[in-house]
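Following: one structure in structure tokens, then a few remarks.
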Amino acid sequence: AFTFVVACAIILWLAPEILALVLLPAPILAVLAFVFERAVRLKNARVSSERAAVIGALFEVFSGIATIKIFAAEPLAKQRAQAGSDAVQDSVLELSAPRETLVAVVSALLAMMTLGVLVAGSYAVSQEWTSIGTVVAVYAYLVRAIAPMRGVPSLLYQVQRVRTARARSSEI
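At position 54 of the sequence shown the residue is numbered 162 (this note's numbering), and the sequence of numbers has no breaks.
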């Protein structure tokens, strides 16, 4: 965030008209973050509870392994653990779709932002509103500013996992 703010301040000083174009996707990114959080919240909670169920089943199996062997219930224990494992796998796959979509959309928005700066900068140079050096400097600062933003989807996913873990621990 600090890098982005500093880069925006420099771009504001160099070319204020281009800064508006740079900040144009910011509301879209904020809405995407909100939608992503809502889409992932329930799926993440389901993955967490299914993982807990599998761990509980495995704990029961391992703690009562002697009893299971005496009553020859190994196939039943294996079936129970496998069913839980399959449920976790399905939930994780379902959870990956919104995450991958967010990564693609954020990457596309950032690419459009850099392309927009180049197009607007080219137009500003052709109209003699600014120099080529200013456009190159703005582009260089923009590229440095958005490099950390490529990790935003991963950061949002980790924040959601922490929220889910906190809610799960308060339930317990």
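Where a beta carbon is used, it is the ideal one built from N, C-alpha and C, also for glycine. These numbers were taken from a predicted model, which means no experiment stands behind them.
Boundaries of the alpha helix (DSSP H) harbouring Thr209: Glu182 to Ser234, taken from the DSSP string. Between Tyr249 and Ala128, the C-beta spacing is not below 9 Å. Leu131 sits in a helix when the DSSP states are folded into three classes. Our two residues, Ala245 and Val267, have alpha carbons roughly 34 Å apart in a direct line. With a cutoff of 9 Å on beta-carbon distance, Leu203 and Arg258 are scored as not near each other.
Per DSSP, reduced to three states, the secondary structure at Ala255 is coil, with no helix or strand assignment.
In the structure shown, Thr238 adopts coil according to DSSP, grouped into three states. In this structure, the straight-line span from the alpha carbon of Thr272 to that of Arg149 is close to 7 Å. In its chain, beyond the 5 residues on either side, Pro206 have a beta carbon closer than 8 Å to the beta carbon of Ala147.
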